[in-house]
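Take a look at the structure below.
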Amino acid sequence: MRKIFLGLVAVMMFVCQTAMAMTPSPQWVKNLPTARNSEQMVVVAGIAGATAWISMHEKNLNGEWEQIMTTPGFIGKNGLGKVKEDDGKTPVGTFHFDYAFGIAPDPGCSIPYVQVNEHHYWSGDWNYKYNQFVDVRQAPANFNKDRSERLIDYAPNYTYALSFDYNSKCTHGKGYAFFMQCLPSVKPWTGGGVAIPEDKMLFVMQHVRSGCVCIIGSLKDLGGKL
664 MRKIFLGLVA VMMFVCQTAM AMTPSPQWVK NLPTARNSEQ MVVVAGIAGA
714 TAWISMHEKN LNGEWEQIMT TPGFIGKNGL GKVKEDDGKT PVGTFHFDYA
764 FGIAPDPGCS IPYVQVNEHH YWSGDWNYKY NQFVDVRQAP ANFNKDRSER
814 LIDYAPNYTY ALSFDYNSKC THGKGYAFFM QCLPSVKPWT GGGVAIPEDK
864 MLFVMQHVRS GCVCIIGSLK DLGGKL
């Protein structure tokens, strides 16, 4: 898996260096159905296994799509196609970012941001705010911390993070705590989120706007190519 990721890093090195120059978005990104009615997009294109190509795009003043960030990254250890809790897969579909948080101070995110502390969890408790941000000081005494994530414990993963609205209806068993986040320190995969290098995640946090669309799918299914 690490060999695949290192190969992807090599392939993308030139692209990563030029992306900050706001080059035109690839044609296949412009052709995505979501591109017609959006102003900003994050595209997560699965390559193989838990590796992915992640890019950020926005329309300029002339209404033309520009690529403003691109990087290799990781998705769920079992790839794409989330079905149920703990299947190790990343959801496929079109999402929006609905919550911003991090262990680090607010980097200047336009989406309301919470710097987490020891009281902040993402609930996996079926009986209380499943798949929602929770301050345990306001939760019932029987809140199931063991089935939930205490966010401050997940460094460097949650140095900066954006929640995308998978399972927004909070259906029990469908999965919880899906974020765009920083790379894990050791393992070359996530439990289902999308992980990119911290400097790239910082860029995303500083540039993301309300209404940004996150599209997740395989490179093939998205009609893309590297």
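Note that the numbering used here has the sequence shown beginning at 664, numbered continuously upward. Ideal Cβ placement from N, Cα and C applies to all residues, glycine included. Quick caveat, the model's predicted, so the values are computed rather than measured.
Beta-carbon within less than 8 Å of residue i's beta-carbon, same chain only, minus the 5 sequence neighbours each way: which residues are those?
i	result
L865	P770 and Y823
R800	H782
N618	The structure shown does not extend to residue 618, since the chain spans only 664 to 889, so no value can be given for it.
V672	The predicted model places V672 with a pLDDT of 47, which falls under 50 and marks its position as unreliable, so this point remains unresolved.
To the nearest angstrom, how far is the alpha carbon of residue i from that of residue j?
i	j	result
S881	A804	42 Å
K740	I879	15 Å
P851	T697	29 Å
C877	G856	12 Å
Q703	M685	13 Å
I738	V707	9 Å
R810	E861	27 Å
V705	D750	24 Å
N694	G887	10 Å
T753	G874	21 Å
R872	I774	7 Å
G726	Y784	40 Å
G854	Y821	13 Å
N700	H870	19 Å
M843	G744	16 Å
K883	G709	8 Å
C845	K808	23 Å
N790	R813	17 Å
D798	K792	11 Å
K863	G742	21 Å
Apart from the five residues just before and just after residue i, which ones in its own chain have a Cβ nearer than 7 Å to its Cβ?
i	result
G836	K747 and E748
G756	I879
E721	E702, Q703, E729 and I731
S848	P819
Pull up the DSSP beta-bridge partners for residue i, would you.
i	result
G771	DSSP output for G771 lists no bridge partner at all.
L743	T753
P735	W716
V857	M843
T686	Q730
K722	W728
N785	Looking at the sequence shown, residue 785 is not Asn but Trp. F796 and E812.
L825	A763 and M843
Within the continuous beta strand (DSSP E) that includes residue i, where are the two ends?
i	result
L865	Not the beta strand (DSSP E): L865 falls in the alpha helix (DSSP H), residues E861 to H870.
V705	Q703 to A711
A875	Inspection of the sequence shows that residue 875 is occupied by Cys rather than by Ala. Run containing C875: none; DSSP gives neither H nor E here.
V777	Y776 to Q778
Mind reading off the beta-carbon distance from residue i to residue j? Whole number of angstroms is fine, and I expect it under 8 Å.
i	j	result
S688	E729	6 Å
D788	F760	Not confirmed; about 23 Å, so no contact.
W691	L889	W691 to L889, Cβ: 10 Å. No contact.
Just to confirm my understanding: we take residue i, look at its own chain, exclude 5 residues before and 5 after, and list those with CB closer than 6 Å. What are they?
i	result
F668	For F668, the pLDDT reaches just 49, beneath the cut-off of 50, and the residue's location in the model is therefore unreliable, although a value from the coordinates is still provided. Counting only Cβ-Cβ distances below 6 Å, and skipping sequence neighbours, we find T714 and P851.
N794	N830, C833 and Y839
I859	I717, T734 and G736
D828	F758, H759 and D761
A763	C772, I774, Y776 and L825
P768	Q778
M868	P770, C772 and Y823
Any C-beta of chain D sitting closer than 8 Å to the C-beta of residue i?
i	result
G709	The displayed structure is made up of one protein chain only, and chain D is not part of it.
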